[in-house]
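Residue numbers (our numbering), protein chains in the order written: chain W, 217 to 547; chain F, 12 to 348; chain B, 4 to 555. Virtual Cβ for every residue (Gly too), placed ideally from N, Cα, C. In what follows, a single structure is set out as structure tokens and then discussed.
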Amino acid sequence: MTSYLLRRLLYAVPLLWGILTLVFFIMHAAPGDPSAMYLLNPNVSQEVVEQIRSNWGLDEPLAVQYWSWLVNFASGDFGLSLAQQRPISAILADRIPNTLLLSGTALVLIFLIGIALGVIQAVRQYSTLDNVLTFGALLIYSMPTFWLGLMLILIFAHLSYQIDGWPELLRFPASGTTSIQYDMLGFFGKLGDRIHHLILPAFALGVGSAASVARYTRSSMLEVIRQDYIRTARAKGVPGHRVIMKHALRNAMLPIITLLGLYLPFLLSGSVLVEYVFAWPGMGDTIIKAILQRDYPLVMATSFVFAVMVVIGNLLADVLYAVVDPRIRYE
Amino acid sequence: MSPPILTVEQLRTYIHRGEQTLRAVDGVSLSLHAGETLGIVGESGCGKSLTCLSIMGLIEEPVRIEPGSSIRLHDRELSELSLRELETIRGNEISMIFQEPMTSLNPVWTVGDQIAEPVRIHRRADAGEARARAIEMLELVGFPNPEERVDSYPHELSGGMQQRAMIAMALACEPAVLIADEPTTALDVTIQAEIIDLLADLQRRLGMAMIFVSHDLGVVSQIADRVAVMYAGQVVEEGDVGDMFRRPRHPYTEGLLRCLPRLDRKVARLPVIPGDVPSPRDWPGGCRFHPRCAYAWERCLSAAPALTGEEHLSRCWLEEEPERRVPSRAGEPGADS
Amino acid sequence: MRRALKLVALVACVTACIDAGDRSRENDDAPVPEELRFGGTAVVGFLAEASSMNEFASNDINSDELQSYVLFTTLVRYDEDLQLVPYLAESWETTSDGEQRTLTFHLRHAVKWHDGAPTTAYDVAFTFDRIKALGRLFPRAASFSNYDSAVVQDSFTVTFFLKPHPGFLDPWSFTSPMPQHILGDVPLAELQQDPFGSVSPVGNGPFRFVEHRPGDRWVFEATTDFPEALGGRPYVDRLVYRIIPEPTTMLAELMSGELDVYLGVAPSQVEQVESSPTARVLRYETRIYAFINWNARRPLFADPAVRRALTLGIDRERLVEAVRYGMGEVAYSPLPPYHWAHNSQLQPLPYDPDSARALLDAAGWVDSDGDGVRERDGDRASFELITNSNPVREDVLEIVASDLATVGVEVIPRVLEAQTLGATITGSDRDFDAFVLGWGPQFEQNDRRIFGCATPEGLFHWAGYCNPRVDELLDRVASLEDRAQALPLWFEYQEIIQRDQPYTFLYYETRAIGIKNRLRAVEMDVRGTLINVNDWWIEPGSRRQIAASRSP
Ligand SMILES: Nc1ncnc2c1ncn2[C@@H]1O[C@H](COP(=O)(O)OP(=O)(O)O)[C@@H](O)[C@H]1O
Ligand SMILES: [Mg+2]
């Protein structure tokens, strides 16, 4: 297994290289360059723009720029963000934990909520509850993330404060990772504050995928509970809930685990929008700005991080698959 | 004779499909005595499995046991028990094994786990005790190195071993009754014989009663004391296995016997009963076997016979008019047409 | 100390009773004695990050304002009449000797860096030397192009040598001296990337740096011993600058009380804030104007008469109403109304489609084939009008297109991403017809960059406009220090621009700020949004329960 994983990681290297090369040339093919952030600034004169261009090596042939990027990158040097004038490693260190926290929470929510609902639906197939959940899932699934985020804010962070008697528990902050008074709170206060801030964005990010996980779980579960071994379990006198939780669920999870790897890129691209809406200082917000400002080194580094996260996510899915299904063995 | 352990009376298990009602099991009565093996034979689709599942209470909508049916284990009426109560009986007092060991074992748990589970549930054993019991059971069903095999996953076992594991699981709590629904059908012929020997051996050693279901009268004859022949959701003949082989009463049994390969008669091709098993959607009127029966006459078309007889019962008008046991159609009864 | 509430001339009071700039309000304030005004945390929401507190590196307006008004001190400041007044510099004097001039600043003695070191003339000279050494790597290098060198006379006196030019003090209104004792040893090549800018800035202003979480917030704390002469200790204990890019989110945070100030309320949100019982709207004039640039290199726009016709054909009053919900004034001059040389005798060209049609006819643009669009010599009066993606600007395109359609000119609106737009309109081939953009000039305006004849063209010569008289006027005002002499030249310049219409000026932008009622005394004007942040105070009863409030 370990050697398999190592091999997979090794295979990922040319893949990452290919992706980044593609990103490099696409970015450079887009109109404008990093100096363009000064172009429409009345306070910056032409000479400054030209000087900056040559300082950043933007007047060099593309092949030269590519080569010097590749050499630096391969030696682990992400370089300097042109727009922020900060080392990219420092920027990533600021942002990655926030994105991991948000995406990770969303991922957990997706699978917890999605699987729970899917199981309930499968067990109560064709009941009113099943139909309501199916409809709800479809509705939520078809909502654009951005719009959903705004709606959540309008209802739970805006309306909720206007309406007297709205339950305090259902009032949420609209933005950021912590409140203003965060530093003054005790340990549990801080933890609570962070969770409070995490709920809406994680929900906005995860609920659409949770709806689809619920659908997959439902059909996978329905498939599984028709299997002979479920009948065997019941013939042994295993109580109904235990049949579902022990015998059916683990089998029904097999196709769902594959989704984990599929959802990760989806989640990361979704986090771009969600982070914007909820002013969540993560990678998404950084990558958008980097692209808009043509901050080439930062675009390359953030693309790299996203690609690595996707690769790792897929590996994780593979590992988990092997953990859940003893028939899978990686050589 | 001591009172039967298991008594099934007028079991009717219907399938409700919208407006349609399929009478898949239609008035089956059986009884099973301690230490006895009852064989149930019949072609595919006769309702054998549904009968077994009904006894176990393992049927689900849209299949229902109709009112008036009775399934008694000792003195308890199983059809009146709640699901909770049923669960305490299943795998404990009455167990069942199935045709496909491959799909009947849960692929993601070890066989040890699966054998230990009923012990943990019914005996409230802790993990260690249950595991010890699993190993013991594996040994009992003939696993070569049970301490190791207890941690195997089903896919790591051969079909025969899988079925042995199933048997170990079913017998782990020493049930009074074992229902084996075509336990050998999916296996190779040599393995079939091993499993049948094993079941016969275990039944003797554990003193349990067994219902052994097969579509193959030959297989049943190797293990059963008594045989019930099912056709179209009903028992059409029931009796001692030797009696039945020597003097089959029902034309259907006759047909089944004729289809058996026999050592003393070499034929290029085994005969089969002409026609197909009818569908429960429309059982034929009168005697349900009449469309395929070589003896059938008008009475058979218009009226359904009852199961009659003392020790050896048959559901056929020939019981009343034995003189008609002459083929009315061209050719031998059961000839390949 | 009695703080006088400064009144801002051009603040449009919407709801007189709740507007901070209104006199009646000032009286309401009186019952709260000054000593009770200290304390609390003011949270300000900005739509964009302030990139850096490092004067050498930053170039965005948000960083600028935080540097000038919060963390650092500038030598001089503009007062509400846009007159330069002393600030970190107590006084200054100049001497002239033909082409050479000296400018000597006398710094206040009591201003300390937040680590305790005094702010001295060495810091000023250091900052200047580094700016010169950075050369064109300093984003606003042009501001100091007429400055030659600096000499420290004593710890609190510094003399600059420069070429005389109008507005020579202006650079010192937005350039904050940086601490030499911290940055002095940083190699020039690393100065702009130094962690000082984002991680560990040390200032000398009314607020000290507490924390920066990139993309999330800057936190500042009142400097308790900030000199009275510079305004003294701010009333609020803490100032938090939150970054929230989405307007809807911002509005929710203001309404729920997470924010005290929402900078840049979208025009469409103003009514909602106004109708809130706990918040008010403050409107203020900005330096920004919106315009359409006609590319005179294209046949359709080469003729000033045609450009005039196009301006006459756009109903700009209606446009301001529709896209800015009235937050703006119809514009007509490159010198906005706050500018001392703004020619208010000029009137904006009216909306007059009939005259527009007549002018177009006279210029030879007639619709001879009856398709509703004029043509001349085989050219159709049809063009692409581009802008960057921004909801207000996109609306502008639609309105301009529908107005000009009625005078027989076809407009094809197209929205580009900002950098693409920038590259298109500044590219050397100038491959565009016309665009809509906003422009925020500095107080010392250099319009040669825009309307001067030039070979080669500069970035901003997007209009392709050239008029020798305009060049002459702009050259003269660039060297005339006497405003009385320069004024008629500026007036003439504005008249010519009005006649030639290289741009169609659309509107001078008024901005709206949402403020929680508990936050008092907030003023903003053309100078910016944090001009009196020292004077902001929070009603004692409605402060956040955060830090133990310290009395001064
Ligand atoms: N769950 C079910 N739903 C619908 N029809 C069923 C179901 N189970 C069995 N049947 C039908 O009932 C009849 C009897 O089936 P079964 O008892 O499995 O026959 P056997 O075991 O004798 O081959 C068959 O026609 C079969 O198609
Ligand atoms: Mg069967």
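Compute the minimum distance between the beta carbon of L61/F and the heavy atoms of ligand 1, and state whether it is under 6 Å.
yes
For A179/F, which three-state DSSP category applies?
helix
Flag this pair as yes or no: are the beta carbons of V264/W and R452/B separated by less than 7 Å?
no
If you measure between the beta carbons of V79/B and Y90/B, is that distance less than 7 Å?
yes
Using CA coordinates, which residue listed in V264/B, P248/B, Q272/B and Q497/B is at the minimum distance from Q348/B?
Q497/B
Using only alpha-carbon positions, find the residue among F419/W, L256/W and I528/W that is nearest to G477/W.
I528/W
Simplified DSSP assignment, three categories, for G297/F:
coil
What would DSSP say about N30/B, mapped onto helix, strand or coil?
Any answer about N30/B is weak, because its pLDDT of 42 lies below 50 and its placement is not dependable; what the coordinates show is given next. Looking at N30/B - three-state DSSP - the assignment turns out to be helix.
Can you confirm whether the stretch 421–430 of chain B touches the stretch 311–325 of chain B when touching is taken to mean that 3 or more C-beta pairs between the two stretches lie within less than 8 Å?
no
My output table needs one value for R220/B: the three-state DSSP class, helix, strand or coil.
strand
Can we say the stretch 328–347 of chain B touches the stretch 484–493 of chain B, given the rule of at least three CB pairs closer than 8 Å?
yes
Just checking: is the beta-carbon of I132/F within a distance shorter than 7 Å of some beta-carbon in chain W?
yes
Can at least three beta-carbon pairs, one atom from the stretch 243–262 of chain F and one from the stretch 32–52 of chain F, be found at a separation below 8 Å?
yes
Answer with buried or exposed for D293/F, where buried requires no fewer than 16 other C-beta atoms within 10 angstroms of its C-beta.
exposed
Hey, is W539/B's beta-carbon within less than 7 Å of any beta-carbon in chain W?
no
Span of the alpha helix (DSSP H), counted from its first residue to its last, around R135/B
For clarity, residue 135/B is Lys in the given sequence; the question names Arg instead. Segment A124 to L137, the alpha helix (DSSP H) holding K135/B.
Excluding sequence positions up to five away, which residues of its chain have a Cβ less than 7 Å from the Cβ of A517/W?
F294, I304 and L308
Neighbourhood of T3/B by C-beta, 6 Å cutoff - its chain only, sequence neighbours within 5 removed:
Since the first residue shown for chain B is 4 and the last is 555, residue 3/B is missing from the structure and cannot be characterised.
For a cutoff of 7 Å on Cβ pairs, would you count I473/W as touching chain F?
no
Can you list, in chain order, the residues of the stretch 426–448 of chain W whose Cβ is nearer than 7 Å to any Cβ on chain F?
Q443, D444, Y445, R447 and T448
Using the Cβ count rule (16 or more neighbours within 10 Å means buried), how would you classify P513/W?
buried
Between V493/W and ligand 1, is there a pair consisting of the residue's CB and a ligand heavy atom that are separated by less than 6 Å?
no
Nearest to A332/W (by Cα), restricted to the options F404/W, S519/W and R431/W:
R431/W
Nearest candidate by alpha-carbon position, reference Q86/B, set V529/B, L285/B and R546/B
V529/B
What does F109/F reach in chain W if we use C-beta pairs closer than 9 Å?
D444, R447, T448 and A451
State yes or no: is the C-beta of Y511/B within less than 7 Å of the C-beta of A269/B?
no
Cβ-based neighbour list, A464/W, same chain, cut-off 7 Å, excluding 5 preceding and 5 following
M437, V440, I441 and I446
So what does Y150/B bridge to, in DSSP terms?
L165/B
For E248/F, does the count of other Cβ atoms within 10 angstroms reach 16, so buried, or fall short, so exposed?
buried
Is C270/F near ligand 1, with its Cβ less than 6 Å from a heavy atom?
no
Since F419/W sits in a beta bridge, which residues does DSSP pair it with?
Paired residues: none, contrary to the question.
Examine chain W for any beta-carbon lying closer than 7 Å to the beta-carbon of W442/B, and answer yes or no.
yes
Using CA coordinates, which residue listed in V154/B, L440/B, L172/B and I247/B is at the minimum distance from F49/B?
I247/B
When DSSP builds the beta bridges, which residues end up paired with Y510/B?
A293/B and V333/B
For the beta strand (DSSP E) that H27/F lies in, which residues bound it at each end?
L17 to R28
Taking contact to mean 3 or more Cβ pairs, one atom from each stretch, closer than 8 Å, check whether the stretch 39–47 of chain F and the stretch 207–224 of chain F are in contact.
yes
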